[in-house]
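Quick mapping for you: the protein sequence lines, in order, are chains X and H.
Using UniProt numbering, the first residue of the first sequence is number 1, and each one after it goes up by one.
Using UniProt numbering, the first residue of the second sequence is number 1, and each one after it goes up by one.
Note that beta-carbon positions come from the ideal geometry of N, C-alpha and C, so glycine has one too.
2 protein chains.
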Amino acid sequence: MSLESVPPKYAQLVQALQRRIESGTYPPGSLLPSEHQLIQEFSVSRPTVVAALRVLREQGWIESQQGKGRFVRGRPAMAAVEPNRPGQAYLTNPETSTPGELIEAGAVALPNRVAALLDAQPKSKAFLRRRVVIRDSEPTEQVSLWLPLELSEGTSLTSGEPLREGIREHLRSRKGVRFDHIVEQITARMPTAQEAKQLGMPKNVPLLAVFGAVRDASGRPLVVVEVLLPADRHELEDAYPVS
Amino acid sequence: MSLESVPPKYAQLVQALQRRIESGTYPPGSLLPSEHQLIQEFSVSRPTVVAALRVLREQGWIESQQGKGRFVRGRPAMAAVEPNRPGQAYLTNPETSTPGELIEAGAVALPNRVAALLDAQPKSKAFLRRRVVIRDSEPTEQVSLWLPLELSEGTSLTSGEPLREGIREHLRSRKGVRFDHIVEQITARMPTAQEAKQLGMPKNVPLLAVFGAVRDASGRPLVVVEVLLPADRHELEDAYPVS
DNA sequence: CGCTCAAACTTGGTAAAACAACCTGTCGGG
DNA sequence: CCCGACAGGTTGTTTTACCAAGTTTGAGCG
Numbered sequence: 001m002s003l004e005s006v007p008p009k010y011a012q013l014v015q016a017l018q019r020r021i022e023s024g025t026y027p028p029g030s031l032l033p034s035e036h037q038l039i040q041e042f043s044v045s046r047p048t049v050v051a052a053l054r055v056l057r058e059q060g061w062i063e064s065q066q067g068k069g070r071f072v073r074g075r076p077a078m079a080a081v082e083p084n085r086p087g088q089a090y091l092t093n094p095e096t097s098t099p100g101e102l103i104e105a106g107a108v109a110l111p112n113r114v115a116a117l118l119d120a121q122p123k124s125k126a127f128l129r130r131r132v133v134i135r136d137s138e139p140t141e142q143v144s145l146w147l148p149l150e151l152s153e154g155t156s157l158t159s160g161e162p163l164r165e166g167i168r169e170h171l172r173s174r175k176g177v178r179f180d181h182i183v184e185q186i187t188a189r190m191p192t193a194q195e196a197k198q199l200g201m202p203k204n205v206p207l208l209a210v211f212g213a214v215r216d217a218s219g220r221p222l223v224v225v226e227v228l229l230p231a232d233r234h235e236l237e238d239a240y241p242v243s
Numbered sequence: 001m002s003l004e005s006v007p008p009k010y011a012q013l014v015q016a017l018q019r020r021i022e023s024g025t026y027p028p029g030s031l032l033p034s035e036h037q038l039i040q041e042f043s044v045s046r047p048t049v050v051a052a053l054r055v056l057r058e059q060g061w062i063e064s065q066q067g068k069g070r071f072v073r074g075r076p077a078m079a080a081v082e083p084n085r086p087g088q089a090y091l092t093n094p095e096t097s098t099p100g101e102l103i104e105a106g107a108v109a110l111p112n113r114v115a116a117l118l119d120a121q122p123k124s125k126a127f128l129r130r131r132v133v134i135r136d137s138e139p140t141e142q143v144s145l146w147l148p149l150e151l152s153e154g155t156s157l158t159s160g161e162p163l164r165e166g167i168r169e170h171l172r173s174r175k176g177v178r179f180d181h182i183v184e185q186i187t188a189r190m191p192t193a194q195e196a197k198q199l200g201m202p203k204n205v206p207l208l209a210v211f212g213a214v215r216d217a218s219g220r221p222l223v224v225v226e227v228l229l230p231a232d233r234h235e236l237e238d239a240y241p242v243s
């Protein structure tokens, strides 16, 4: 049969050059072979070489300078640190995959901040689903999910049972909405007495509160996720290029 | 003279299509004209059309599906929110551009977390430069900069005078190091008595502590920036695509 | 009428060629 | 000795051409 599709030539070239950079054949700071040399060595056409080098440049492996050549920068170190995005996991993974306890599931009045993120009137009603996540037999995080009432109708989110499907897939198949990006706000505050008790944390330790507004491609807010992290047990990490 | 360089054709095509999407000529969800139609309308070749459409896809304006066509997604809403990166501004802007007060400048023993970010031994010596930034006649943030001693030698950072040049440019011209990316850690904690006093904040309000490890292209840490933000007055915002 | 399959569309990938813009040496002439 | 012109290298942009792969449509046949 041999239906294994071979990757396109330019992708093979990308991998070959990446291997050479990682192995030290093309050390950082050195000049990459010119387009003409690569054409001859790999027996491909110039558009193929250029396509491969464009990918490498966009990924940060090399940088090019018209008239001089392409310089090796090395394996992009930034890609090594994967940011931890609280809330991401709760949107794609089913609730049954992480142990936890559902502590609230019903319609409530929206807090001001959440209402603003949902483009809704303050104190208007929305559906709230709140869970405490348990790791190593200890409560570690509280995850809250707010949905407009029209988005919660006809879904299993209103039930008190753990979801056996990711929220993202659940809403896509039943309501036809497609998650696109998340606008995230990070703040810190002291826990309420109830929160400290539910999370098993001292009352004098602050909380990291992460609000994630999930929106579709046009920017319309769909749901809001709030993750509460005791600051003595969690921290957030991210990486970005300096402008 | 007419030395104004005209943008390349594919970039012009990108702008033209962006305008049509924004004006509603190509509403979201609709099918973009096929490559052949665009070739005829704009009188360009196919690679030029493809290059323009590739840019639009990478920027999130459209998505393509082999065999069917290219679908309009609309103006990428994510790009509208620009993340606020504390520390970024302090690396590029001169200290004289924002009012503040220098409260420390000298060699100190490294705290554990900063030593780890610098790949240095804990309690080893490094140079610390600490400033309180004043906005609207009120202290609002504390910015600390740690540098390895060999990187601070021969610079004006060790002086008690405000820098008239950005730190990034300062270190590039005098020490030849080039900033590439930042690995950021966000935590929350209670302020010390001294910090609360210097920042003019209540003692029962937590601090958002942002640690930024500035590294070069190979991942070697260069300097560490710490920004302390009273949580009742600041919050962090960011946006990212849902995977 | 319903099903099958081929034709005609779409985007994705490769090849060959040419010109333009930019950099860096070398080789003269002043 | 200095400086400018020039040749030869590099990447950037554009064109023409062809084939491959996925999707839709409709003609034709049972």
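Quick check: what's the CA-CA separation for residue i versus residue j?
i: Tyr240 of chain H; j: Phe211 of chain X; result: 13 Å
i: Pro33 of chain H; j: Ala120 of chain H; result: 57 Å
i: Gln15 of chain X; j: Ser159 of chain X; result: 48 Å
i: Ile182 of chain X; j: Val214 of chain X; result: 5 Å
i: Tyr10 of chain X; j: Leu157 of chain X; result: 45 Å
i: residue 246 of chain H; j: Ser30 of chain H; result: This structure cannot speak to residue 246 of chain H, because chain H is shown only from 1 to 243.
i: Glu237 of chain H; j: Ala89 of chain H; result: 15 Å
i: Pro83 of chain H; j: Glu41 of chain X; result: 44 Å
i: Arg75 of chain X; j: Leu13 of chain H; result: 33 Å
i: Phe127 of chain H; j: Ala107 of chain H; result: 4 Å
i: Thr140 of chain X; j: Gly100 of chain H; result: 39 Å
i: Ala217 of chain X; j: Ile186 of chain X; result: 22 Å
i: Ser243 of chain X; j: Gln142 of chain H; result: 22 Å
i: Thr48 of chain X; j: His170 of chain H; result: 41 Å
i: Leu205 of chain X; j: Ala196 of chain H; result: A small fix is needed here, since residue 205 of chain X is Val in this sequence, not Leu. The straight-line gap from Cα to Cα measures roughly 16 Å.
Is there a Cβ from chain X that is less than 8 Å from the Cβ of residue i?
i: Gly219 of chain H; result: yes
i: Thr187 of chain H; result: yes
i: Gln88 of chain H; result: yes
i: Pro99 of chain H; result: no
i: Leu67 of chain H; result: The question names Leu, yet the displayed sequence has Gly at residue 67 of chain H. Taking Cβ atoms only, chain X never reaches closer than 8 Å to Gly67 of chain H, which makes this a no.
i: Pro8 of chain H; result: no
i: Ser243 of chain H; result: yes
i: Ala231 of chain H; result: yes
i: Pro206 of chain H; result: yes
i: Leu236 of chain H; result: yes
i: Glu184 of chain H; result: yes
i: Arg19 of chain H; result: no
i: residue 255 of chain H; result: Lying before the first or after the last residue shown, residue 255 of chain H is absent from chain H, which here runs from 1 to 243.
i: Arg85 of chain H; result: yes
i: Arg215 of chain H; result: yes
i: Gly74 of chain H; result: yes
Kindly indicate if chain H contains any beta-carbon less than 8 Å away from that of residue i.
i: His181 of chain X; result: yes
i: Met78 of chain X; result: yes
i: Pro23 of chain X; result: Residue identity check: residue 23 of chain X is Ser in the sequence provided, not Pro. Ser23 of chain X does not count as touching chain H.
i: Leu13 of chain X; result: no
i: Ala107 of chain X; result: no
i: Tyr26 of chain X; result: no
i: Val81 of chain X; result: yes
i: Leu110 of chain X; result: no
i: Glu141 of chain X; result: no
i: Met201 of chain X; result: no
i: Ala239 of chain X; result: yes
i: Arg57 of chain X; result: no
i: Leu3 of chain X; result: Confidence at Leu3 of chain X is low in this model, with a pLDDT of 43, below 50, so its placement is unreliable and no value can be given for it.
i: Val132 of chain X; result: no
i: Arg174 of chain X; result: no
i: Ser70 of chain X; result: For clarity, residue 70 of chain X is Arg in the given sequence; the question names Ser instead. For Arg70 of chain X, the answer is no, since every Cβ of chain H falls outside 8 Å of its Cβ.
If residue i sits next to residue j, beta carbons under 8 Å apart, how far is it from one beta carbon to the other, in whole angstroms?
i: Val177 of chain X; j: Leu222 of chain X; result: 6 Å
i: Arg168 of chain X; j: Leu91 of chain X; result: 5 Å
i: Ile103 of chain H; j: Arg131 of chain H; result: 7 Å
i: Ala188 of chain H; j: Leu207 of chain H; result: 7 Å
i: Ala109 of chain H; j: Lys123 of chain H; result: 5 Å
i: Glu63 of chain H; j: Arg57 of chain H; result: 6 Å
i: Thr155 of chain X; j: Arg174 of chain X; result: 5 Å
i: Leu163 of chain H; j: Pro94 of chain H; result: 5 Å
Quick one: is the Cβ of residue i within less than 7 Å of any heavy atom of the ligand PLP?
i: Arg54 of chain X; result: Looking for the ligand PLP in the displayed structure turns up nothing, as the structure carries no ligands at all.
Which runs of the beta strand (DSSP E) fall wholly inside the UniProt domain "HTH gntR-type" (7 to 75) of chain X and span at least 3 residues, in chain order? 62 to 65, 69 to 72
Okay, do the region 224 to 236 of chain H and the region 196 to 212 of chain H touch, 3+ Cβ pairs below 8 Å being the bar? In short, these stretches touch, since the Cβ pair count reaches three.
Any beta strand (DSSP E) of 3 or more consecutive residues that is wholly inside the region 130 to 159 of chain H: 138 to 147
How about the region 138 to 148 of chain H and the region 185 to 201 of chain X: do they share at least three Cβ pairs that are nearer than 8 Å? no
Which complete alpha helix (DSSP H) runs does the region 85 to 122 of chain X hold, if anything under 4 residues is left out? 88 to 92, 112 to 117
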